[in-house]
Structures are given as C-alpha cells and as structure tokens.
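Student: Numbering (this note's numbering), first residue to last: 87 to 496.
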Amino acid sequence: MTRIGIIGAGIIGTTIALRLIADGHDVTLIDADPDGLPTSSGNASLIARPEIAPIASPGIIRSVPGWLLDPLGPLTVRWGDLLALTPWLMAFLAASVPARVDAGRRALAFLMRTALEDHQALEAEAGLSGHFGERGYLALHDTPRSLEAGAEEQARVKNLLGYEFEVLDPAAARRLVPQLEGPFAGAIHQPGYWSVGNPLTMLRDYQGVVRGRATLRQGKAVAIDQRPDAVAIRLASGEELNFEQVVVAAGVWSRDLVRQLDLGVLLETERGYNTTYTDLDWNLPMPVGFADHGFIASPLVDGLRIGGAVELARPEAPPNFRRAAAMRQKMRRYVPALPEGGREWMGRRPSVPDSVPVISLHPDDRRIAFAFGHGHLGLTLSAVTARLVASLLREGPRDELRPYDIQRFQ
87 MTRIGIIGAG IIGTTIALRL IADGHDVTLI DADPDGLPTS SGNASLIARP EIAPIASPGI
147 IRSVPGWLLD PLGPLTVRWG DLLALTPWLM AFLAASVPAR VDAGRRALAF LMRTALEDHQ
207 ALEAEAGLSG HFGERGYLAL HDTPRSLEAG AEEQARVKNL LGYEFEVLDP AAARRLVPQL
267 EGPFAGAIHQ PGYWSVGNPL TMLRDYQGVV RGRATLRQGK AVAIDQRPDA VAIRLASGEE
327 LNFEQVVVAA GVWSRDLVRQ LDLGVLLETE RGYNTTYTDL DWNLPMPVGF ADHGFIASPL
387 VDGLRIGGAV ELARPEAPPN FRRAAAMRQK MRRYVPALPE GGREWMGRRP SVPDSVPVIS
447 LHPDDRRIAF AFGHGHLGLT LSAVTARLVA SLLREGPRDE LRPYDIQRFQ
C-alpha cells in the first residue's frame with residue numbers, strides 16, 4: 087500500500103482518488119474548498135466521445151480579430167488580459183497548423199476509445215450506479231456550408247473511432263426534438279454521445295466514496311517539496327503532509343505548483359458560462375448543440391442547462407454574465423418557449439494551447455504525477471485519465487502516452 091496525496095478534488099482529482107483507492111492505496115485528497123462548486127459541476131453533462139477536434143484549427147488566425155471585437159461571441163479574449171495571455175495565444179496559433187491539429191485529434195481519439203468504459207468500470211468499483219445514460223446528441227447548423235463542414239468532421243471521427251452519425255433535414259431533426267421551432271439548415275445526429283444525469287450529483291457521490299474509504303480534507307496546497315524519503319505537500323496553513331507519491335490535479339491552479347517545481351507549462355482559463363433552469367414544465371429529449379454559436383442545451387435529471395462558449399481570461403478576472411444572457415437569447419431563435427430566469431454560473435476550464443491534456447510524470451521525479459488541462463472535456467476524460475495516472479505511478483512512462491507528457495512545454 088502506497089501513501090498518495092492528490093491535490094484537487096474536482097472531477098479529475100476525485101476520479102484519480104477512486105482509481106487509486108480501488109488499487110489498494112492509502113489516499114488523501116486535498117482541496118482548498120472541497121464543498122465548493124468546481125468547474126466540473128457546471129459541465130454540459132456530456133460524455134462527449136466524438137469531440138476530438140482541437141480548438142486550434144487551420145485558418146484560426148483569420149478569426150482572431152473577430153474574437154477581440156465581439157465580447158459575446160463563441161470565443162473571445164478579454165482586452166485587459168491580452169498581455170498576460172500572449173504566450174498562450176502564440177502557442178495556440180502555432181498549434182493550428184494542419185500537422186499539429188491532426189496530432190491533437192489522434193491524441194484525443196486515443197483517450198476517447200475507452201472513456202466510457204473507464205467511467206462504467208470506475209462507477210461499478212465505487213459501488214454506485216445510474217449516473218450515465220445513452221441519449222445521443224443533435225448538432226444544429228445554420229447554413230448548408232456549416233452543415234457540410236460538420237459532416238466532414240464527423241466523417242473524420244468515424245474514421246478514427248467508428249462512431250456513426252446521420253445528417254438530417256430540419257423536419258427530421260424536429261421529429262427528434264419537437265421544441266426546435268426556429269429556422270436552421272439541418273442537423274447532425276450523433277448517437278456516440280452519452281449523458282450524465284447531473285455532474286454535481288455525480289461528483290458529490292464520488293467524493294462521498296472518498297470520504298468513506300480514504301481521506302478528503304480541506305487545505306490549500308502552496309508548494310511541493312521533493313525530499314529523499316518523501317514528497318511533502320505544504321499547505322497555506324503551514325502544515326506539511328508527507329507522501330510517497332503526489333498527484334497534481336488542481337485545474338488551472340496546477341500551474342503555480344508546476345512552476346514552483348521549476349517546470350514550464352502553458353495553462354490558462356477557458357472560461358465557460360451557463361444558465362440552469364429547474365422549474366420548467368418541459369425539457370429536451372436529448373442534448374442539442376448550436377454549432378455556429380458554440381453552446382449546448384442539455385437536459386439534466388432536474389432541469390435544463392444552457393452553456394458553453396469560450397472566454398480566455400485570467401482566473402481572477404470577474405465574470406461577464408452577459409455571455410450567459412447572450413446564449414439564452416440565441417437559443418430562443420430555435421426554441422422560442424425558453425423563458426427568462428434560470429440560475430447563472432461561470433467556471434474556469436483549465437486549458438492548454440493544443441487541447442491535449444497533461445497526463446504525465448515529473449520528468450525528473452517519478453513520484454510526482456500531473457493531470458490537468460482537459461479544457462471542456464474534463465468530465466468526459468476524467469475516468470480514463472485516472473486509469474492512466476494510476477498506471478504511470480505504478481509502471482512509469484511509456485511511449486503511447488508521450489503526446490500528453492509535460493515535457494512538451496519544457
């Protein structure tokens with residue numbers, strides 16, 4: 087039995103804790119606010135297996151001026167944070183060349199191949215059930231050109247992963263989702279998506295298992311000390327906790343611990359907004375994505391959530407809830423029945439420029455592992471990340487995990 091400390095009790099850190107507990111280790115999960123609402127709690131409730139396209143893509147340079155001019159668009163950069171974000175943005179543009187995009191797509195496809203099975207296995211090992219369901223996904227497109235581009239991307243997904251898709255005209259799409267009364271050119275139905283009833287409920291259930299079988303404690307980790315006989319996590323309170331192995335899975339705040347270890351990383355916040363309705367007398371039969379606007383409407387077991395888009399900003403920047411309002415307004419073009427109201431929320435997705443998460447050991451100390459940078463795929467990739475982190479700590483690095491190695495930033 088190995089004593090392992092994990093920093094970060096969001097969905098990534100918590101699933102890693104469950105995996106290591108199942109492997110028989112003595113686990114302590116540490117978080118500054120374990121009862122708070124981490125980014126994963128506001129997820130669109132999708133196990134989004136077909137989403138293997140990196141955000142950076144060929145032609146992205148032409149989009150940059152539009153991002154800066156439209157503060158409510160699907161992808162925007164805050165002017166006041168532009169200088170601080172410049173290194174990340176330069177790397178993002180460099181990652182948009184076709185060869186890098188293809189490599190990113192293959193790296194994400196490798197993780198997606200077992201993402202669902204890893205979730206199902208972890209849920210069963212935790213003694214839980216009922217969190218996952220097979221609902222599929224409907225992506226709406228406003229123009230024939232957008233619909234064609236969407237079909238081309240899904241053909242690439244099918245080639246890599248085998249997931250089927252179907253291009254539908256508006257009438258066929260409305261038979262699947264009758265609430266779609268507004269105009270659109272067509273839709274793509276993708277059965278490969280699964281859903282989670284409520285991401286926060288799932289996280290709390292998983293954290294409850296950790297509390298029962300291991301240790302979940304409050305504390306802000308400020309440093310990691312590498313000692314000959316232990317790896318110590320130093321807390322803001324001054325307390326030190328000694329472990330044989332440590333995992334850094336603290337979302338965007340992982341970067342402070344990584345840099346304190348004299349390693350480089352480009353990790354910024356890909357902030358997302360949502361609105362959740364819990365008092366509607368109707369709901370959508372499946373998740374619906376609005377492909378030309380960068381947001382999703384997802385039915386939860388207890389409501390409807392409308393969220394998405396990307397805002398690049400410093401973690402401490404105040405929220406701009408006009409982005410949530412803009413998504414609601416756009417959705418009413420398609421679903422006029424959507425009322426005012428709802429509960430607004432903002433989360434800080436930890437994002438790396440090439441969209442490929444860091445799942446890696448420290449290059450000079452195999453006692454320390456890293457798991458962060460999953461962007462909007464944290465929920466989807468949490469269980470497969472947990473399995474891979476456990477294997478890295480047990481067996482060391484291997485060639486197939488090189489695309490996720492932190493050494494690409496050194």
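Where is the CB? At the ideal position from N, CA and C, for every residue including glycine.
It should be emphasised that the depicted structure is a prediction, and the values quoted were computed from it without experimental measurement.
Is it a yes or a no for the region 109-116 touching the region 216-225, going by three-plus beta-carbon pairs under 8 Å?
Tutor: At 8 Å Cβ cutoff, the stretches do not touch.
Student: I need the boundaries of the alpha helix (DSSP H) containing I92, first residue and last residue.
Tutor: No alpha helix (DSSP H) contains I92, which is instead part of the beta strand (DSSP E) from 89-93.
Student: Provide the residue span of the alpha helix (DSSP H) that contains E238, from first to last.
Tutor: Start and end: 230-247.
Student: Mind reading off the beta-carbon distance from F270 to P256? Whole number of angstroms is fine, and I expect it under 8 Å.
Tutor: Going by Cβ atoms, the distance from F270 to P256 rounds to 6 Å, so yes, they are a contact pair.
Student: Looking at the structure shown, is G99 part of a helix, part of a strand, or coil, going by DSSP?
Tutor: Reduced to three states, the DSSP call for G99 is helix.
Student: Specify the secondary structure class of S441 as computed by DSSP and reduced to three states.
Tutor: Three-state DSSP puts S441 in coil, outside helix and strand.
Student: Rounded to a whole number of angstroms, what is the C-alpha to C-alpha distance between A395 and H227?
Tutor: Taking the straight line from one Cα to the other gives about 16 Å.
Student: From G190 to G350, what does the alpha carbon distance come to, in whole angstroms?
Tutor: If I take the Cα positions, the gap works out to 20 Å.
Student: Determine the direct distance from the alpha carbon of V334 to that of V308, and round the result to whole angstroms.
Tutor: The alpha-carbon atoms of V308 and V334 are separated by roughly 11 Å.
Student: Going by C-alpha to C-alpha distance, which of D167, P404, A195 sits closest to P136?
Tutor: It is A195 whose Cα lies nearest to the Cα of P136.
Student: Quick check on Y466: does DSSP put it in helix, strand or coil?
Tutor: Checking the displayed sequence, the identity of residue 466 turns out to be Thr instead of Tyr. Three-state result, T466: helix.
Student: Around the C-beta of N129, are 16 or more other C-beta atoms found within 10 angstroms, so that it is buried, or is it exposed?
Tutor: By the neighbour-count rule (16 or more Cβ atoms within 10 Å), N129 is buried.
Student: Let me make sure I understand the geometry here. Which of A118, Q331, E426 has the alpha-carbon closest to that of R71?
Tutor: Because the chain here runs from 87 to 496, residue 71 falls outside it and cannot be looked at.
Student: Give me the Cβ distance between T502 and G433, rounded to the nearest whole Å; I'm assuming they're in contact under 8 Å.
Tutor: This structure gives no information on residue 502, because the portion of the chain shown stretches from 87 to 496.
Student: Which word fits F407, buried or exposed, when buried means at least 16 other C-beta atoms lie within 10 angstroms of its C-beta?
Tutor: Exposed, by the Cβ-count rule.
Student: Count the other CB atoms, across all protein chains shown, that sit within 10 Å of the CB of M198; report buried if there are 16 or more and exposed otherwise.
Tutor: With 16 or more Cβ atoms within 10 Å of its Cβ, M198 is classed as buried.
Student: Where does W368 fall in DSSP's three states?
Tutor: Coil, per DSSP.
Student: Flag this pair as touching only if the region 97-111 and the region 450-465 have three or more C-beta atom pairs under 8 Å; answer yes or no.
Tutor: Result yes; three or more Cβ-Cβ pairs closer than 8 Å.
Student: What runs of the alpha helix (DSSP H), each 4 residues or longer, lie entirely inside the region 283-335?
Tutor: Here the runs fully enclosed are 285-299.
Student: Are three or more beta carbon pairs between the region 333-347 and the region 170-190 nearer than 8 Å?
Tutor: Taking 8 Å as the limit for Cβ pairs, the verdict is that the region 170-190 does not touch the region 333-347.
Student: Going by other Cβ atoms of all chains shown within 10 Å of its Cβ, with 16 needed for buried, is E356 buried or exposed?
Tutor: Label assigned to E356: buried.
Student: By a C-beta neighbour count over all protein chains shown, 10 Å radius and 16 as the cutoff for buried, is S215 buried or exposed?
Tutor: The residue is exposed, with fewer than 16 neighbouring Cβ atoms inside 10 Å.
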